[in-house]
Amino acid sequence: MQCAAVSHVGLVRKVNQDGYLVREEPGKEYLVCVADGMGGHVAGEVASAMALQTIEQEVQNKTEIDPLNRLVGAVLSANKQVYEQSTHTEIYAGMGTTIVAALLQKDVLWIAHVGDSRAYMVRKNQEFALLTEDHSLVNELLRRGQIKPEEAIRHPQRHMLTRALGTLPDVVVESREIAWQEGDILVICSDGLTTHVSDERMQTILSGSGELQSKVDQLIKEALDQGGHDNVTVVAVQNDGRLEQEVDE
110 MQCAAVSHVG LVRKVNQDGY LVREEPGKEY LVCVADGMGG HVAGEVASAM
160 ALQTIEQEVQ NKTEIDPLNR LVGAVLSANK QVYEQSTHTE IYAGMGTTIV
210 AALLQKDVLW IAHVGDSRAY MVRKNQEFAL LTEDHSLVNE LLRRGQIKPE
260 EAIRHPQRHM LTRALGTLPD VVVESREIAW QEGDILVICS DGLTTHVSDE
310 RMQTILSGSG ELQSKVDQLI KEALDQGGHD NVTVVAVQND GRLEQEVDE
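So the sequence shown is numbered by our numbering: it starts at 110 and just counts up by one.
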């Protein structure tokens with residue numbers, strides 16, 4: 110597999126509360142995650158880093174569990190760790206983070222997420238699909254038909270989450286299993302990208318020719334060109350068939 114990742118503080122904020130993780134188990138699987146932390150002072154940065162560290166450890170140490178439950182269990186453990194830290198340390202009170210995590214093997218991948226960080230799939234035939242549903246107030250209003258898509262873009266509460274990691278002792282983790290094949294690209298990202306770059310523009314960039322890293326760099330550039338008001342993080346993994354060959358040998 111090929112992987113490219115970039116995290117940028119943006120043009121407005123002084124601290125990057127986003128974080129990402131890319132971990133390869135050679136010949137077996139890839140684990141990729143994006144976390145967008147929230148909280149005053151350094152709390153958001155701490156929350157995202159803690160979530161990523163916990164997920165990496167849990168996925169790595171519990172290989173006897175099936176992949177989907179291993180991934181979901183790791184996210185639940187991260188929720189517990191962040192919540193306990195926020196309740197026991199005053200400066201971290203109320204901190205939390207989004208999470209979108211993917212475990213990739215051969216011709217199948219598993220996704221788990223909480224919040225409004227997203228996962229997309231770009232198929233070899235250029236088919237483009239959003240794989241996650243935002244846990245946000247605006248998305249809830251859209252689902253109920255109370256606002257129109259064009260209203261959601263500039264809604265004053267568009268960044269308000271209905272679900273986040275570490276803000277409550279328990280959380281519901283959305284998860285799914287998806288088939289993928291050689292040539293497909295999985296993209297996970299924070300809302301610093303999707304706030305500024307439309308799905309249509311993302312599809313055009315990711316379906317075009319060129320190296321995977323160049324495509325990720327272009328996505329970051331376009332988010333910054335549109336104002337860069339938030340931290341922006343993008344991780345992309347392309348199935349090049351090599352992992353399957355290594356596993357099958």
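Backbone N, C-alpha and C fix where the C-beta goes; we use that ideal spot for every residue, glycine too. Please read these numbers as outputs of a predicted model, since none were measured by experiment.
Point to revise | Cβ contact check for the stretch 294 to 304 and the stretch 205 to 216: 3 or more pairs under 8 Å | key: The stretch 294 to 304 is in contact with the stretch 205 to 216.
Review point. In terms of residue numbering, what span does the beta strand (DSSP E) encompassing Q266 cover?
Key: Residue mapping note: residue 266 aligns to position 157 of the sequence shown, counting from 1. Note, Q266: premise wrong, no beta strand (DSSP E); not H, not E.
Review point. If you follow the alpha helix (DSSP H) that S323 is part of, which residue opens it and which one closes it?
Key: Residue mapping note: residue 323 aligns to position 214 of the sequence shown, counting from 1. It spans L321 to D334 - the alpha helix (DSSP H) in which S323 sits, taken as one unbroken run.
Point to revise | Which residues DSSP lists as bridging G128, in chain order | key: On the sequence shown, residue 128 is found 19 positions in, with the first residue counted as 1. As a beta-bridge residue in DSSP terms, G128 pairs with A144.
Check your understanding: When burial is assigned at 16 or more other CB atoms within 10 Å of the CB, is N234 buried or exposed?
Key -> Along the sequence shown, one-based indexing puts residue 234 at 125. It is exposed - the Cβ of N234 has fewer than 16 other Cβ atoms within 10 Å.
**Study point:** Residue range of the unbroken alpha helix (DSSP H) whose run includes T313
**Key:** Locating residue 313 in the sequence shown gives position 204, where the first residue counts as 1. Run containing T313: D308 to S316, per the alpha helix (DSSP H) assignment.
Point to revise | Distance between beta carbons of Q126 and G146, contact taken as under 8 Å | key: Locating residue 146 in the sequence shown gives position 37, where the first residue counts as 1. Locating residue 126 in the sequence shown gives position 17, where the first residue counts as 1. Sure, about 4 Å apart at Cβ, within 8 Å.
Review point. Residues bridged to T342 by DSSP?
Key: Here the question's residue 342 lines up with position 233 in the sequence shown. Answer is S116.
Practice item. Per DSSP, which residues does V296 bridge with? Please list them. Key: Indexing the sequence shown from 1 puts residue 296 at position 187. Answer by DSSP bridge pairing, in chain order: Y229 and A345.
**Study point:** Where E236 falls: helix, strand or coil (DSSP)
**Key:** To locate residue 236, count along the sequence shown from 1; it is residue 127. Correct three-state label for E236: coil.
Check your understanding: If you draw a straight line from the C-alpha of K171 to the C-alpha of E260, how long is it?
Key -> By 1-based counting over the sequence shown, the position of residue 171 is 62. By 1-based counting over the sequence shown, the position of residue 260 is 151. So the two alpha carbons sit approximately 44 Å from each other.
Exercise for review: Check the DSSP bridge columns for V217 and list the partner residues they point to.
Suggested key: Your numbering for residue 217 matches position 108 in the sequence shown. In DSSP, V217 forms a bridge with Q214 and A288.
Exercise for review: Report buried or exposed for Y192, applying the criterion of at least 16 other Cβ atoms within 10 angstroms of its Cβ.
Suggested key: Against the sequence shown, residue 192 aligns to sequence position 83. Looking at its Cβ environment, which holds 16 or more other Cβ atoms inside 10 Å, Y192 is buried.
Point to revise | Residues that V223 bridges to, as DSSP identifies them | key: Your numbering for residue 223 matches position 114 in the sequence shown. Among the bridge pairs identified by DSSP, V223 is matched with I208.
Check your understanding: In angstroms, rounded to a whole number, what distance separates the CA positions of A228 and L239?
Key -> Start at 1 with the first residue of the sequence shown, and residue 228 comes out as number 119. Start at 1 with the first residue of the sequence shown, and residue 239 comes out as number 130. Between the alpha carbons of A228 and L239 lies a distance of about 6 Å.
Check your understanding: Run through DSSP, which three-state label would E154 get?
Key -> As a first step, residue 154 must be located in the sequence shown, where it is residue number 45. It is helical.
Review point. What distance in whole Å lies between the Cβ atoms of V184 and V282, which are believed to be in contact at a cut-off of 8 Å?
Key: If you number the sequence shown from 1, residue 282 lands on position 173. If you number the sequence shown from 1, residue 184 lands on position 75. Correct: roughly 5 Å between the Cβ atoms.
Check your understanding: Helix, strand or coil: how does DSSP classify Q166 here?
Key -> Translated into positions along the sequence shown, residue 166 becomes position 57. It is helical.
Exercise for review: Answer with buried or exposed for G119, where buried requires no fewer than 16 other C-beta atoms within 10 angstroms of its C-beta.
Suggested key: By 1-based counting over the sequence shown, the position of residue 119 is 10. By the neighbour-count criterion, in which 16 or more other beta carbons inside 10 Å mark a residue as buried, G119 falls on the buried side.
Point to revise | Residue span of the alpha helix (DSSP H) that contains R253, given as start and end | key: Sequence index remark: in the sequence shown, residue 253 carries index 144 (1-based). Under the DSSP assignment, R253 falls outside any alpha helix (DSSP H); it carries neither an H nor an E label.
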